[in-house]
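Report on one structure; see the data block that follows.
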Amino acid sequence: MKIVKIDPSLCICCGTCAAIAEHLFEMSASEGVAVVKVDQGKLASPEDEDLASECATACPAGAILVQDAE
Ligand code: SF4
75 MKIVKIDPSL
85 CICCGTCAAI
95 AEHLFEMSAS
105 EGVAVVKVDQ
115 GKLASPEDED
125 LASECATACP
135 AGAILVQDAE
């Protein structure tokens, strides 16, 4: 299983990730950055892993990290 994380110090709040995968990411009005919606960032399917990787590639700030779960 893989997990996805967002580094809030890098996020420039462009909205790209939430536009590509609205079930994985959302823009947080309170935090002012994008946040991961799924529990502990766990990606439940190969499709979600691919989608999260696509978002990581598309993120202009390099703020999205997809990694193997420990
Ligand atoms: S694509 Fe990257 S910079 Fe844009 S909102 Fe998502 S995490 Fe932030």
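Taking the working numbering, the leading residue of the sequence shown gets 75, the next gets one more, and so forth. Think of the CB as a built atom: it goes at the ideal place given N, C-alpha and C, for glycine as much as any other residue.
Legend entry - Exposure label - Ile86; buried when at least 16 CB within 10 Å: exposed
Legend entry - For Ile80 and Gln141, believed in contact at Cβ under 8 Å, the rounded distance: Not a contact, Cβ separation roughly 12 Å.
Legend entry - Through-space distance from Leu117 to Glu105, alpha-carbon basis: 22 Å
Inset, instruction - Rounded to whole angstroms, what's the CA-CA distance from Asp113 to His97? Just pull it up for me. - result: 11 Å
Inset, instruction - Could you tell me the distance, in whole angstroms, from the CA atom of Ile94 to the CA atom of Leu125? - result: 8 Å
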